[in-house]
Structures are given as C-alpha cells and as structure tokens.
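Asker: These protein sequence lines are chains U and H, in that order.
Just so we're aligned: the first sequence equals residues 1 to 224 in the numbering used here.
Just so we're aligned: the second sequence equals residues 225 to 448 in the numbering used here.
Ideal placement from N, C-alpha and C gives every residue a C-beta, glycine not left out.
These numbers were taken from a predicted model, which means no experiment stands behind them.
Right, I'll just put the structure down here and ask away after.
Number of protein chains: 2
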Amino acid sequence: MWNADIVTTPPRGLRERKKQATREALREAALRLAVERGPDQVRVEDIAEAAGVSPRTYNNYFASREQAIVSAVTADREARIAAAVAARPAGVRLADAVTDAVVEQYTNTGEREHKALLLITTQAALRDAFLDTAAGIEPPLTAVIAERLDDAEAHTARVLAASVAAAVRIALEGWLRPAGKAEAAESFAAGGLVVPSGSLPDQLRTALAPLAPAFDAAEQHTQP
Amino acid sequence: MWNADIVTTPPRGLRERKKQATREALREAALRLAVERGPDQVRVEDIAEAAGVSPRTYNNYFASREQAIVSAVTADREARIAAAVAARPAGVRLADAVTDAVVEQYTNTGEREHKALLLITTQAALRDAFLDTAAGIEPPLTAVIAERLDDAEAHTARVLAASVAAAVRIALEGWLRPAGKAEAAESFAAGGLVVPSGSLPDQLRTALAPLAPAFDAAEQHTQP
DNA sequence: GCGTAAAGTTGCGTGCACGCAAGTTTACTG
DNA sequence: CAGTAAACTTGCGTGCACGCAACTTTACGC
Numbered sequence: 001m002w003n004a005d006i007v008t009t010p011p012r013g014l015r016e017r018k019k020q021a022t023r024e025a026l027r028e029a030a031l032r033l034a035v036e037r038g039p040d041q042v043r044v045e046d047i048a049e050a051a052g053v054s055p056r057t058y059n060n061y062f063a064s065r066e067q068a069i070v071s072a073v074t075a076d077r078e079a080r081i082a083a084a085v086a087a088r089p090a091g092v093r094l095a096d097a098v099t100d101a102v103v104e105q106y107t108n109t110g111e112r113e114h115k116a117l118l119l120i121t122t123q124a125a126l127r128d129a130f131l132d133t134a135a136g137i138e139p140p141l142t143a144v145i146a147e148r149l150d151d152a153e154a155h156t157a158r159v160l161a162a163s164v165a166a167a168v169r170i171a172l173e174g175w176l177r178p179a180g181k182a183e184a185a186e187s188f189a190a191g192g193l194v195v196p197s198g199s200l201p202d203q204l205r206t207a208l209a210p211l212a213p214a215f216d217a218a219e220q221h222t223q224p
Numbered sequence: 225m226w227n228a229d230i231v232t233t234p235p236r237g238l239r240e241r242k243k244q245a246t247r248e249a250l251r252e253a254a255l256r257l258a259v260e261r262g263p264d265q266v267r268v269e270d271i272a273e274a275a276g277v278s279p280r281t282y283n284n285y286f287a288s289r290e291q292a293i294v295s296a297v298t299a300d301r302e303a304r305i306a307a308a309v310a311a312r313p314a315g316v317r318l319a320d321a322v323t324d325a326v327v328e329q330y331t332n333t334g335e336r337e338h339k340a341l342l343l344i345t346t347q348a349a350l351r352d353a354f355l356d357t358a359a360g361i362e363p364p365l366t367a368v369i370a371e372r373l374d375d376a377e378a379h380t381a382r383v384l385a386a387s388v389a390a391a392v393r394i395a396l397e398g399w400l401r402p403a404g405k406a407e408a409a410e411s412f413a414a415g416g417l418v419v420p421s422g423s424l425p426d427q428l429r430t431a432l433a434p435l436a437p438a439f440d441a442a443e444q445h446t447q448p
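Quick look at the structure:
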C-alpha cells in the first residue's frame with residue numbers, strides 16, 4: 001500500500017487528513033467495542049455508528065469486520081518495517097538488516113497492543129485476519145530491498161520480500177498456535193512434526209534464518 | 225490439505241467416493257456454466273442445482289463462487305507437484321527437483337484447461353482466486369521437502385515451501401498481469417520497475433531462481 | 001444383523017460485502 | 001473567484017458466507 005516516504009511526509013490536503021481521521025476513528029471504535037462486548041457481539045453497524053459514518057462507508061475502508069479490529073493493533077507496521085530497513089547503514093548484510101528490522105517492529109509491543117493481542121487469540125477469525133496482515137509487508141519491503149539490490153534485479157527483490165512475508169506469517173502462526181491445537185495436528189497430518197514454540201523474536205529469527213543464504217547470493221550479484 | 229500418498233491410494237469408503245463425486249460435479253458445473261453464460265451470470269444456486277445438491281451444501285465444499293470455477297482448472301495440482309518432487313531421484317539438487325516439478329506441472333496444459341484460463345483472465349475476482357491456489361502447494365511441499373531434508377529442520381522445510389508458494393504466485397501474477405495494467409502501475413508506485421513478461425515456464429524459473437541458494441544451504445546442513 | 005456413534009446434508013435465519021448511481025465535498029485551472 | 005473535474009460518501013438492492021439445529025446416511029462393534 002504505502003512506501004516508506006509516506007510515513008515521514010504528513011498528508012498534504014485536507015481531504016487526506018479527513019480520510020485518515022475516519023480510518024483512525026473506525027479502527028479505534030472497532031477495537032474498543034470488541035474489547036467491551038467481546039469480538040462477536042459487535043456488528044458493522046455499531047462500529048460505523050461509533051465512528052460517525054454510514055455502514056457503507058465503513059467498508060470502503062475495511063473489507064471485513066476482523067480487518068478493522070486487527071488494524072488497530074497492526075497500525076502501519078508495514079511502513080515502519082520498511083523504514084527501519086532503510087535506516088540501517090548500507091554496510092550491513094541485507095539479511096541482517098531485514099531480520100533485525102522485522103524483529104524490532106514486532107517486539108515494540110505497547111500495553112494497549114498487548115491487551116488487544118490477547119483478544120485476537122481468542123477467536124479464529126481474528127487470528128486469521130492478524131496473520132493476513134503479514135502479507136502487507138511485501139510491497140514496502142520490495143521497494144526497499146530493490147533499492148539496496150540493483151534495480152535490474154527487481155524481480156529478485158519481489159521474491160525475497162514475498163518470502164520474508166511468508167516466513168513472518170509462519171512465525172506468527174507458530175507463536176499463537178498454542179491456542180488452537182486441533183488445527184495444528186490436522187494441518188501437519190503428514191508427519192507429526194511439531195515445533196516447540198518459543199518467544200516471538202525467537203520464532204521470527206528462526207523462520208527468517210533459512211532465507212539468509214538467498215539474500216547473501218542476491219547481494220553478491222550486485223557487489224562482487 | 226492432502227499429502228502425496230493420498231493421490232495414489234484410492235478413497236477407501238463409499239462415503240469418500242460420494243464426497244469426491246459431489247466435489248467433481250460442482251467443479252464441472254461451475255466451469256461449464258461460467259463458460260456458457262459468462263462468469264458473472266452464474267449464481268451459486270445455479271451451480272448447486274446443476275450438481276444436484278442444495279446451495280447450502282455447495283459451500284460446504286467451496287468458500288466462494290470463484291473458488292469452484294478455478295478449482296476445475298487447478299484440480300489437484302498441489303498433490304501432483306509434491307508427487308513429482310518425490311519422484312525425482314534422491315541425488316539431484318533439491319532446488320532443481322522443486323523447480324522442475326513446479327514447471328512441469330504448470331505446463332501440462334490441456335486444451336480444456338487452456339480455454340478455461342482464458343476465461344479466468346477476463347475477470348479480476350477469478351484471477352485473484354486463481355492466484356490464491358498457489359498457496360495450496362505449501363502443505364504438500366512442506367511434507368516432501370521435510371522428507372528430503374532432515375526432519376529436525378522441519379521449520380526450514382516449512383519456510384522454503386512457503387517461499388516457493390509465494391514465488392509461484394508472483395510468477396503467475398506476472399504472467400497474467402498484461403490483462404490488467406492499471407493495477408500493476410499502482411502497486412509498483414514506488415519505482416516504476418516493470419518486468420517484461422515472458423512465457424509461463426520462464427516466469428516460474430525466474431521467480432524460483434533466487435531461492436535456490438536457500439535450498440542449497442539447507443541441503444548442505446543435512447549432508448555435509 | 002442391530003444399535004449406536006460419527007459424518008454429511010439441508011433449511012432457515014442473520015449479517016455482511018459490494019455494485020451502482022446520486023448527492024456532496026475538495027482540488028485545480030483559467 | 002468562478003466553474004469544472006475528480007474524489008468521497010451514502011442509500012439501496014442483491015447475492016452470498018456461515019452458524020445452528022434437525023435429519024439422513026455410513027461405519028463399526030457386539
């Protein structure tokens with residue numbers, strides 16, 4: 001959705017600001033109501049009303065009820081990750097820059113955020129919506145990786161970014177799976193291999209580690 | 225969903241066979257009606273009626289109308305890919321085994337399949353549903369990769385499989401994007417980098433290539 | 001074979017996503 | 001400053017996804 005620049009530059013027109021305000025109001029309302037009444041006791045109509053817009057407008061902003069709730073926690077983490085990568089000095093290994101940026105942005109967990117995460121784990125639909133947010137880091141990551149690599153290897157950047165997104169998703173999945181054992185057993189029917197779930201940073205690093213050689217190879221193609 | 229074994233072993237009970245038959249009937253009906261009338265002139269009710277089940281039963285099988293249509297083309301490609309990987313001799317490089325298997329299973333395009341693909345490209349919702357099928361290769365791929373690698377590195381297998389799925393998705397995207405230029409320009413707003421779209425096999429190999437070093441490294445950890 | 005438990009199907013009801021077209025606000029140009 | 005084009009909001013209507021509970025079919029043990 002957004003690239004790193006937009007994070008730093010404030011919205012230009014009054015139009016944009018109102019839009020952001022509405023989005024924020026909806027996020028806020030969705031999360032507050034979900035916490036107050038429980039996730040499935042809140043209807044789109046309620047959220048829209050609390051934010052002062054029509055239900056139809058509500059889903060000009062969010063494609064699903066879950067997305068609104070989750071986005072209050074996620075905020076603009078995607079852009080922050082991209083910015084964090086861009087902020088690393090050009091000398092460091094790209095694989096490290098990415099890994100550190102991801103871990104950093106997922107561990108800055110405020111009080112309110114942590115509370116909301118607890119809520120999310122309680123309902124399958126919310127967990128899924130939360131996992132889907134991982135895919136959102138792909139576009140900004142693509143841009144920032146392409147910048148470090150040569151632009152000639154744009155497709156490589158895209159694949160690497162998508163792989164990172166997939167790995168992050170897996171890490172998050174493994175992290176909040178303990179809440180749902182049945183599914184894990186089912187999806188891994190092939191071999192009963194279960195991973196002892198550690199802390200989130202550990203999960204992230206473990207998931208990203210296998211991709212490091214791919215980053216290294218890509219990097220060497222540009223600066224041999 | 226399925227692992228490689230299930231492909232070869234026929235369904236055991238009468239129960240399973242009826243289920244498969246219903247699924248097949250729905251797939252078939254969905255595709256036929258979509259071709260006859262055009263994709264958006266077919267309602268779930270019609271598909272269900274043509275297959276001889278209730279509308280409610282229809283979406284015990286498929287979560288969306290698009291999924292049913294697309295699945296007629298996709299069939300059980302996921303399982304075939306996994307089987308193809310498993311079929312390669314143990315000596316070959318894992319990266320090559322996977323790449324070749326993927327390319328092979330995506331290029332065996334029959335007449336009817338090719339016709340349906342043309343239909344899919346015409347509608348955005350169908351294209352999206354088709355792209356989503358790429359994610360389906362992750363579970364069987366995870367199983368078969370884990371088998372080649374040491375089972376101790378199960379998490380690595382999972383990440384690699386997910387990365388392959390992501391890469392395949394990107395390849396497919398790039399392949400059928402020419403039908404929708406506007407979106408491409410928008411999603412790549414950061415830098416106007418466009419990839420000249422070649423044939424599907426080329427796209428697949430190009431997308432999978434950056435992952436090869438990761439496969440090599442994983443393989444070397446098990447057999448140094 | 002018979003009874004029982006599990007799996008699958010169906011009707012019904014509810015809330016929702018989304019297309020469409022009209023009305024309203026913002027931004028841009030001369 | 002006025003006029004116009006583009007963006008955003010909203011009401012309305014349609015089809016759909018999905019939970020729930022009753023009913024039917026299959027599988028399994030005694």
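#1: Given this structure, state the Cα-to-Cα distance separating Arg372 of chain H from Arg382 of chain H, to the nearest angstrom.
#2: Are Arg77 of chain U and Ile137 of chain U closer than 9 Å when you measure CB to CB?
#3: Reducing DSSP to helix, strand and coil, say where Phe62 of chain U ends up.
#4: From the beta carbon of Thr206 of chain U, is the nearest beta carbon of chain H less than 9 Å away?
#5: Determine the burial state of Lys18 of chain U: buried for a count of at least 16 other Cβ atoms within 10 Å of its Cβ, exposed for fewer.
#6: What alpha helix (DSSP H) runs, 4 residues minimum, are completely inside the stretch 127-153 of chain U?
#7: For a test of the three-state rule: what should DSSP assign to Arg93 of chain U, helix, strand or coil?
#8: Would Ala409 of chain H pass as an interface residue toward chain U - the criterion being a Cβ-Cβ separation below 9 Å?
#9: Under 8 Å between beta-carbons, which chain H residues line up against Ala165 of chain U? List them in chain order, please.
#10: Please report whether the beta-carbon of Ile394 of chain H lies at a distance below 9 Å from any beta-carbon of chain U.
#11: Please look up how many angstroms separate the CB atoms of Val106 of chain U and Leu200 of chain U, rounded, as I've assumed it's under 8 Å.
#12: Which class does Val98 of chain U belong to by DSSP, given the choice of helix, strand or coil?
#13: I need the straight-line Cα distance from Arg80 of chain U to Ala249 of chain H, nearest angstrom please.
#14: Could you tell me which chain U residues have their CB closer than 7 Å to the CB of Thr380 of chain H, listed as they occur along the chain?
#15: Name the chain H residues whose beta carbon is nearer than 8 Å to that of Leu160 of chain U?
#16: Pairs of beta-carbons, one from the stretch 154-168 of chain U and one from the stretch 377-397 of chain H, closer than 8 Å: are there three or more?
#17: Examine the Cβ distances between the stretch 423-439 of chain H and the stretch 306-320 of chain H and report whether three or more of them are shorter than 8 Å.
#18: Is the beta carbon of Pro263 of chain H less than 9 Å from the beta carbon of Thr346 of chain H?
#19: Mapping the DSSP letters down to three states, classify Gly52 of chain U as helix, strand or coil.
#20: Between the alpha carbons of Ala441 of chain H and Gly198 of chain U, how many angstroms are there, rounded?
#21: With distances taken between CB atoms, is the gap from Val294 of chain H to Thr333 of chain H smaller than 9 Å?
#22: Let me confirm a value: Pro364 of chain H is counted as buried when at least 16 other C-beta atoms fall within 10 Å, else exposed. Which label applies?
#23: Would you say Gly422 of chain H faces chain U, with C-beta separation under 9 Å as the test?
#24: Compare the beta carbon distance of Val73 of chain U and Leu117 of chain U with 9 Å and say whether it is the shorter of the two.
#25: At 8 Å on the CB atoms, spell out the chain H contacts of Pro201 of chain U, in chain order.
#26: Against chain H, does Gly174 of chain U count as a neighbour if the rule is that its beta carbon must be under 9 Å from one of theirs?
#27: Can you tell me whether Ser278 of chain H is buried or exposed? The criterion is at least 16 other CB atoms within 10 Å of its CB, across all chains shown.
#28: Let me make sure I understand the geometry here. Which of H:Thr281, H:Asn283, H:Thr446, H:Leu257 has the alpha-carbon closest to that of Asp374 of chain H?
#29: So what does DSSP say about Ser163 of chain U, is it helix, strand or coil?
#30: Can you find the residues in the same chain that come closer than 6 Å, C-beta to C-beta, to Leu208 of chain U, ignoring five residues on each side of it along the sequence?
#31: Is it the case that the Cβ atoms of Ala258 of chain U and Arg27 of chain U are separated by a distance below 9 Å?
#32: Where do the N-terminal and C-terminal ends of the alpha helix (DSSP H) with Arg23 of chain U fall, by residue?
#33: Can you tell me the Cα-Cα spacing of Ala143 of chain U and Ala165 of chain U, whole angstroms?
#34: In whole angstroms, what separates the C-alpha of Ala63 of chain U from that of Ala386 of chain H?
#35: Between the alpha carbons of Val259 of chain H and Lys339 of chain H, how many angstroms are there, rounded?
#36: Going straight from the alpha carbon of Gly52 of chain U to that of Asp128 of chain U, what length do you get?
Answerer: Walking through what the data contain:
#1: Approximately 12 Å, taken between the alpha carbons.
#2: Yes, Cβ-Cβ distance for Arg77 of chain U and Ile137 of chain U is below 9 Å.
#3: In the structure shown, Phe62 of chain U sits in coil (DSSP, three-state: anything other than H, G, I, E or B).
#4: Answer yes: the Cβ-Cβ gap between Thr206 of chain U and chain H drops below 9 Å somewhere.
#5: Exposure of Lys18 of chain U is indicated by the presence of fewer than 16 other C-beta atoms within 10 angstroms of its C-beta.
#6: Contiguous alpha helix (DSSP H) elements confined to the stretch 127-153 of chain U occur at 138-148, taking only those with 4 or more residues.
#7: The answer is coil: DSSP assigns Arg93 of chain U none of H, G, I, E or B.
#8: The predicted model places Ala409 of chain H with a pLDDT of 43, which falls under 50 and marks its position as unreliable, so this point remains unresolved.
#9: Result: Ala390.
#10: So, interface residue.
#11: With the sequence shown as reference, residue 106 of chain U is identified as Tyr, and Val is not the correct amino acid for it. Between Leu200 of chain U and Tyr106 of chain U the Cβ distance is about 6 Å, and since that is below 8 Å, they are a contact.
#12: When DSSP states are grouped into helix, strand and coil, Val98 of chain U belongs to the helix group.
#13: Roughly 48 Å separates the two Cα atoms.
#14: Near Thr380 of chain H (Cβ distances below 7 Å), the residues of chain U are Pro210.
#15: Chain H residues near Leu160 of chain U: Pro434.
#16: Yes, the stretch 154-168 of chain U touches the stretch 377-397 of chain H.
#17: Yes, since at least three Cβ pairs between the stretch 423-439 of chain H and the stretch 306-320 of chain H fall closer than 8 Å, the two stretches touch.
#18: Yes, they are a contact pair.
#19: Under the three-state reduction of DSSP, Gly52 of chain U is assigned to coil, being neither helix nor strand.
#20: Separation of Ala441 of chain H and Gly198 of chain U (C-alpha to C-alpha, rounded to the nearest whole angstrom) is 24 Å.
#21: Not a contact, by the Cβ cut-off of 9 Å.
#22: By the neighbour-count criterion, in which a residue is buried when 16 or more other Cβ atoms sit within 10 angstroms of its Cβ, Pro364 of chain H is buried.
#23: With 9 Å as the cut-off, Gly422 of chain H does not count as an interface residue toward chain U.
#24: Against a cut-off of 9 Å, the Cβ pair of Leu117 of chain U and Val73 of chain U comes out as a contact.
#25: Listed along the chain, the chain H residues whose CB falls inside 8 Å of the CB of Pro201 of chain U amount to none; the nearest CB is some 15 Å away.
#26: Yes - at least one Cβ of chain H is within 9 Å of the one on Gly174 of chain U.
#27: Exposed, by the Cβ-count rule.
#28: Looking at H:Thr281, H:Asn283, H:Thr446, H:Leu257, the one whose alpha-carbon comes closest to that of Asp374 of chain H is H:Thr446.
#29: DSSP, reduced to helix, strand and coil, places Ser163 of chain U within a helical segment of the structure shown.
#30: If we look at Leu208 of chain U and ignore the five residues flanking it on each side, its Cβ neighbours are Thr99, Ala167.
#31: Since the first and last residues shown for chain U are 1 and 224, residue 258 of chain U lies out of range.
#32: 14-37 is the span of the alpha helix (DSSP H), which, as asked, contains Arg23 of chain U.
#33: Their backbone Cα atoms lie some 14 Å apart in a straight line.
#34: Computed Cα separation, rounded: 25 Å.
#35: Rounded to whole angstroms, Val259 of chain H to Lys339 of chain H spans 9 Å at the Cα level.
#36: Cα-Cα distance, rounded: 28 Å.
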